[in-house]
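*Asks:*
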Amino acid sequence: MNSGDAAGSSSGGSGDAGAPRRASRKPKYSKFTQQELPACKPILTPKWVISVFLLVGVIFVPIGVASLLASNKVVEIVDRYDDACVPSNVTNKLAYIQNSTISKTCRRTLKVPKDMKQPIFVYYQLNNFYQNHRRYVKSRNDQQLRDASKANETTLCDPEKTRDGMAIVPCGLIAWSTFNDTYTFQHNTNNLSIDKTDISWKSDRDHKFGSDVFPKNFQKGPLIGGKTLNESIPLSEQEDLIVWMRTAALPTFRKLYGRIYVDLKENDTITVTLDNNYNTYSFDGKKSLVLSTSTWLGGKNDFLGLAYLTVGGLCFFLAFAFTLLYLIKPRLVAYKLSYTNRIKFHR
Amino acid sequence: MSIVQLFEVAIACDVVLCCRVAPLQKAGIVDLIKKRTSDMTLAIGDGANDVSMIQMADVGIGISGQEGRQAVMASDFAMGQFRFLVPLLLVHGHWNYQRMSYMILYNFYRNATFVFVLFWYVLYTGYTLSTAINEWSSVLYSVVYTSAPTVIVAILDKDLSRRTLLKYPQLYGAGQREESYNLRLFIFIMVDSVWQSVVVFFIPYLAYKNSAIDSASLGDLWTLSVVILVNIHLAMDVIRWTWITHAVIWGSIVATWICVIIIDSIPTLPGFWAIYEVMGTALFWALLLAVIVVGMIPHFAAKAIREHFMPNDIQIAREMEKSQDSRDANQPEVQMSTSTRA
Numbered sequence: 000m001n002s003g004d005a006a007g008s009s010s011g012g013s014g015d016a017g018a019p020r021r022a023s024r025k026p027k028y029s030k031f032t033q034q035e036l037p038a039c040k041p042i043l044t045p046k047w048v049i050s051v052f053l054l055v056g057v058i059f060v061p062i063g064v065a066s067l068l069a070s071n072k073v074v075e076i077v078d079r080y081d082d083a084c085v086p087s088n089v090t091n092k093l094a095y096i097q098n099s100t101i102s103k104t105c106r107r108t109l110k111v112p113k114d115m116k117q118p119i120f121v122y123y124q125l126n127n128f129y130q131n132h133r134r135y136v137k138s139r140n141d142q143q144l145r146d147a148s149k150a151n152e153t154t155l156c157d158p159e160k161t162r163d164g165m166a167i168v169p170c171g172l173i174a175w176s177t178f179n180d181t182y183t184f185q186h187n188t189n190n191l192s193i194d195k196t197d198i199s200w201k202s203d204r205d206h207k208f209g210s211d212v213f214p215k216n217f218q219k220g221p222l223i224g225g226k227t228l229n230e231s232i233p234l235s236e237q238e239d240l241i242v243w244m245r246t247a248a249l250p251t252f253r254k255l256y257g258r259i260y261v262d263l264k265e266n267d268t269i270t271v272t273l274d275n276n277y278n279t280y281s282f283d284g285k286k287s288l289v290l291s292t293s294t295w296l297g298g299k300n301d302f303l304g305l306a307y308l309t310v311g312g313l314c315f316f317l318a319f320a321f322t323l324l325y326l327i328k329p330r331l332v333a334y335k336l337s338y339t340n341r342i343k344f345h346r
Numbered sequence: 000m001s002i003v004q005l006f007e008v009a010i011a012c013d014v015v016l017c018c019r020v021a022p023l024q025k026a027g028i029v030d031l032i033k034k035r036t037s038d039m040t041l042a043i044g045d046g047a048n049d050v051s052m053i054q055m056a057d058v059g060i061g062i063s064g065q066e067g068r069q070a071v072m073a074s075d076f077a078m079g080q081f082r083f084l085v086p087l088l089l090v091h092g093h094w095n096y097q098r099m100s101y102m103i104l105y106n107f108y109r110n111a112t113f114v115f116v117l118f119w120y121v122l123y124t125g126y127t128l129s130t131a132i133n134e135w136s137s138v139l140y141s142v143v144y145t146s147a148p149t150v151i152v153a154i155l156d157k158d159l160s161r162r163t164l165l166k167y168p169q170l171y172g173a174g175q176r177e178e179s180y181n182l183r184l185f186i187f188i189m190v191d192s193v194w195q196s197v198v199v200f201f202i203p204y205l206a207y208k209n210s211a212i213d214s215a216s217l218g219d220l221w222t223l224s225v226v227i228l229v230n231i232h233l234a235m236d237v238i239r240w241t242w243i244t245h246a247v248i249w250g251s252i253v254a255t256w257i258c259v260i261i262i263d264s265i266p267t268l269p270g271f272w273a274i275y276e277v278m279g280t281a282l283f284w285a286l287l288l289a290v291i292v293v294g295m296i297p298h299f300a301a302k303a304i305r306e307h308f309m310p311n312d313i314q315i316a317r318e319m320e321k322s323q324d325s326r327d328a329n330q331p332e333v334q335m336s337t338s339t340r341a
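Structure follows, in structure tokens:
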């Protein structure tokens with residue numbers, strides 16, 4: 000077939016110069032449809048590779064050092080008490096903890112290792128407690144918590160939905176299992192007051208827990224899972240409940256109990272009088288009390304500083320290794336060639 | 000001569016001419032090659048007598064013109080003139096192969112990374128299927144957060160210019176040798192996907208292990224990390240940056256951020272206000288930076304090594320293009336010369 004000359008247009012096969020000009024069937028030209036948008040085509044050159052690694056190293060090492068310094072400045076006291084607070088003559092720990100007639104008060108003595116500046120955060124830490132278990136996480140009803148008129152909404156709250164035909168407020172396993180150990184502190188024989196306000200998120204207090212919703216019919220069953228709530232305090236002020244209901248992401252977690260606004264000096268003695276109520280004995284859980292200061296990085300966190308230093312060091316090493324490689328095995332980079340016919344192709 | 004002997008003679012030759020062939024015999028010749036080898040067959044024709052041949056071949060091309068539109072209606076591709084076959088194969092065929100290969104590998108990687116993060120979390124939720132990532136974010140991941148860059152790069156990215164591809168037909172061999180999509184590349188990208196998911200999950204895990212972090216905040220950190228990682232991975236592999244490419248890649252990251260903020264501003268959802276609380280901590284930003292950099296280091300190092308020490312034809316041709324005048328990007332039509340009809 001006669002395909003016309005090299006500069007021919009694509010309007011059919013007509014090559015007749017004398018014919019009247021036919022409407023061109025060429026599509027309307029646009030840079031986008033013809034894929035001719037201006038573009039830049041960067042190539043990864045040795046200079047770029049080494050620069051990137053050096054840049055990462057230069058950024059990461061100082062951040063790592065700063066993080067480690069901040070973490071070292073944090074003073075933390077962690078005291079595990081679930082084993083020590085059970086009297087030594089008790090063999091069946093589970094029966095002991097479930098027996099509501101025995102007094103569970105326990106005294107612990109803590110020594111301050113270094114000066115601690117206020118505010119000092121008091122946390123309780125639980126190990127091996129899966130607040131992120133799917134069945135547990137779903138066991139709540141947010142509408143009921145927020146709105147007094149929806150008090151009978153108990154969907155998804157199985158098995159803590161209703162008791163004696165009446166709805167439980169707040170329903171669900173999360174509320175039912177609220178942590179109920181309590182702590183009072185004495186600092187060198189003086190009473191140490193602990194501020195338990197503003198321990199939960201303000202957004203939770205304002206929008207998720209109603210100020211006109213009161214606990215009803217709560218913890219009235221045969222199995223007590225945790226804290227009992229004062230029925231005259233609305234949910235938006237029950238901060239321990241609110242803190243507990245922000246379910247933790249990992250099986251080892253801390254939750255804020257309160258803050259201490261007193262400076263503690265090195266070698267001070269803190270006496271803790273605690274009520275060992277919460278049952279972690281049936282599932283090998285651990286309970287600990289934590290007192291901690293905080294810095295711009297938060298609590299004690301050596302991992303971040305070490306990770307940054309490791310990555311920074313690794314990047315410096317890679318920059319060095321790549322420099323060596325480029326020097327030992329240089330390749331004539333093709334864009335430095337002036338004659339393209341020197342290219343040999345793969346066979 | 001029997002059919003087997005015909006086949007053996009035919010494949011021993013570079014070019015075979017058949018004349019006075021009936022339509023059914025044309026199809027028969029295509030079938031002869033198709034049945035006995037695993038090669039791709041292409042048939043091109045312009046008349047009604049070519050229809051059976053066009054339909055028999057793997058790729059059928061019809062020419063619309065002097066002899067009517069019968070061939071066009073039976074074909075996979077239709078063109079105006081026979082000479083357009085050269086750019087169709089060497090240019091568009093090459094681009095299509097490169098784009099499709101990369102997109103398939105990238106799509107597997109993008110989804111696998113996201114899912115693997117959830118998989119690692121299952122190990123720490125008592126083997127139940129809790130997801131810390133908000134359900135809305137899970138849905139929007141494929142639809143809003145990472146879809147536009149995938150589509151735009153698949154449409155617009157070109158590894159080599161039209162002029163280079165026409166000048167060096169040997170570059171077409173990259174597709175025939177399966178250089179862009181093969182088992183080895185698939186395994187590499189899956190290993191990269193697992194590595195990045197390990198980084199996204201375990202670095203925050205080790206940092207937040209004994210802290211008061213809640214599910215929604217951790218999920219937000221994961222969502223942002225994964226989206227930024229997969230988009231930066233794509234950014235590292237894009238060859239031609241147009242303004243649209245910039246807009247969708249960086250725009251997707253911004254859109255993700257906005258969506259996460261909006262989702263966490265709805266009071267009825269469980270993760271309410273988590274993003275604001277966690278963005279106010281320095282630890283969140285430090286972890287985000289660490290995760291992105293550590294996730295990207297292997298890919299970056301492998302790319303640097305591969306492109307400098309083990310360059311393939313396409314890499315060399317790319318570098319060569321940089322030294323030439325880039326007039327080919329602005330020329331709508333290519334001047335055909337006899338030397339390229341190899």
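Chains as they are written, first to last, in numbering that gives the first Met the number 0: chain A, 0 to 346; chain B, 0 to 341. From the three backbone atoms N, C-alpha and C, an ideal C-beta is built for every residue, glycine too.
1) Can you grab the Cα-Cα spacing for the pair B/GLN97 / B/ILE296, in whole Å?
2) From A/PRO61 to B/GLY279, what does the alpha carbon distance come to, in whole angstroms?
3) Under a CB-based cut-off of 8 angstroms, is A/ASP141 close to chain C?
4) So that I know if they touch, is there some Cβ in chain A lying closer than 8 angstroms to that of B/LEU128?
5) Taking 6 angstroms as the limit between beta carbons, can you name the residues of its chain near A/ASP301, skipping five residues before and five after?
6) For B/GLU318, decide whether its Cβ has a neighbour in chain A, counting only Cβ atoms nearer than 8 angstroms.
7) Taking only beta-carbon positions, decide if A/VAL74 is within less than 8 angstroms of chain B.
8) Which of the three DSSP states, helix, strand or coil, is assigned to A/MET165?
9) How would you list, in chain order, the residues of chain A whose beta-carbon sits under 7 angstroms from the beta-carbon of B/GLU276?
10) Check the Cβ of B/ASN209 against every Cβ in chain A and list those closer than 7 angstroms, keeping chain order.
11) Hey, how far is the Cα of B/ILE262 from the Cα of B/ASP219?
12) Could you have a look at B/MET102 and say whether DSSP puts it in helix, strand or coil?
13) Less than 8 angstroms between CB atoms is the rule here; does A/THR292 satisfy it with respect to chain B?
14) Is the beta carbon of B/ARG239 closer than 8 angstroms to that of A/LYS40?
15) What is the DSSP secondary structure of B/TRP94, counted as helix, strand or coil?
16) Along the chain, which unbroken stretches of the alpha helix (DSSP H) at least 4 residues long are found entirely within the segment 276-334 of chain B?
17) Helix, strand or coil for A/LYS219 per DSSP?
18) Relative to the C-alpha of A/GLY298, which candidate in B/VAL226, B/VAL247, B/ASP312, B/ALA211 has its C-alpha closest?
19) For chain B, check one thing: does any of its Cβ atoms lie closer than 8 angstroms to the Cβ of A/GLY225?
20) What does A/MET115 pair with, by DSSP beta-bridge criteria?
21) Under DSSP, the beta strand (DSSP E) around A/ALA248 begins and ends at which residues?
22) Rounded to the nearest angstrom, what separates A/TYR95 and A/CYS84 at their Cα positions?
23) For a contact meaning CB atoms closer than 8 angstroms, what does B/TYR204 contact in chain A?
24) Examine the Cβ distances between the segment 148-155 of chain A and the segment 224-231 of chain A and report whether three or more of them are shorter than 8 angstroms.
25) Taking Cβ-Cβ distances shorter than 7 angstroms, what residues in chain B pair up with A/ARG245?
26) Should B/THR145 and B/MET102 be called a contact, given that it needs their Cβ atoms to be closer than 8 angstroms?
27) Going along the chain, which residues of the segment 300-312 of chain B sit with their C-beta nearer than 9 angstroms to a C-beta in chain A?
28) Quick one: which chain B residues come within Cβ less than 7 angstroms of A/TRP295?
29) I'd like to know whether the C-beta of A/ASN278 is nearer than 8 angstroms to at least one C-beta of chain B.
30) List the whole-angstrom C-beta distance separating A/VAL252 from A/GLN130, where the pair is believed to meet the contact cut-off of C-beta under 8 angstroms.
31) Applying a beta-carbon distance threshold of less than 9 angstroms, which residues of chain B neighbour A/ASN131?
32) Determine the closest residue to A/PHE178 out of A/TYR307, A/ALA318, A/ILE223, A/ILE232, with distance taken between C-alpha atoms.
33) Leaving out five residues on either side along the sequence, give the residues of the same chain with a beta carbon under 8 angstroms from the beta carbon of B/ILE265.
34) Find the residues of chain B that neighbour A/VAL310, judging by a C-beta separation of less than 9 angstroms, and give them in chain order.
35) Can you tell me which residues form a DSSP beta bridge with B/GLY59?
36) Once the 5 residues before and after A/ARG162 are set aside, which same chain residues still bring their CB inside 8 angstroms of it?
*Replies:* In this structure, then:
1) Straight through space, the alpha carbons of B/ILE296 and B/GLN97 are spaced by roughly 24 angstroms.
2) The straight-line gap from Cα to Cα measures roughly 21 angstroms.
3) Absent here is chain C; the protein component of the structure consists of chains A and B.
4) Yes, contact with chain A.
5) Cβ neighbours of A/ASP301 beyond the five flanking positions: SER70.
6) With 8 angstroms as the cut-off, B/GLU318 counts as an interface residue toward chain A.
7) Answer no: the Cβ-Cβ gap between A/VAL74 and chain B never drops below 8 angstroms.
8) Looking at A/MET165 - three-state DSSP - the assignment turns out to be strand.
9) The answer, in chain order, is TRP200.
10) Correct list: GLN124, THR251, ARG253.
11) C-alpha separation (whole angstroms): 10 angstroms.
12) B/MET102: helix per DSSP, three-state reduction.
13) So no, A/THR292 is outside the interface.
14) Cβ distance < 8 angstroms, so A/LYS40 and B/ARG239 count as in contact.
15) Here B/TRP94 sits in helix by DSSP.
16) Listed in chain order, they are 281-308, 312-322.
17) Residue state, collapsed to three classes: coil.
18) Out of B/VAL226, B/VAL247, B/ASP312, B/ALA211, B/ALA211 has the C-alpha closest to the C-alpha of A/GLY298.
19) So, not an interface residue.
20) Answer is A/LEU263.
21) That residue, A/ALA248, is in no beta strand (DSSP E); it is neither H nor E in DSSP.
22) Going from the Cα of A/TYR95 to the Cα of A/CYS84 covers about 11 angstroms.
23) Neighbours of B/TYR204 across chain A, judged by C-beta separation under 8 angstroms: LEU249.
24) No, because fewer than three Cβ pairs between the segment 148-155 of chain A and the segment 224-231 of chain A fall closer than 8 angstroms, the two stretches do not touch.
25) In chain order: ASP213.
26) B/MET102 sits away from B/THR145, with the two beta carbons spaced by 8 angstroms or more.
27) The segment 300-312 of chain B vs chain A, Cβ under 9 angstroms: ALA300, LYS302, ALA303, ILE304, GLU306, HIS307, PHE308, PRO310, ASN311, ASP312.
28) Simply ALA281.
29) So, not an interface residue.
30) The sequence given here has Phe at residue 252 of chain A, not Val. Yes, they are in contact, since the Cβ atoms of A/PHE252 and A/GLN130 sit about 7 angstroms apart, within 8 angstroms.
31) The contact set of A/ASN131 on chain B, defined by CB atoms closer than 9 angstroms, consists of TYR120, TYR123, THR124, GLY125, THR127, SER129, ALA131, SER214 in chain order.
32) Taking only the C-alpha atoms, the option nearest A/PHE178 is A/ILE223.
33) Cβ within range, chain order: PHE271.
34) For the C-beta of A/VAL310, the chain B residues within less than 9 angstroms are, from N- to C-terminus, ALA289, VAL292, VAL293, ILE296.
35) Answer by DSSP bridge pairing, in chain order: B/ALA42.
36) So the qualifying residues of the chain are ASN216, LYS219, GLY220.
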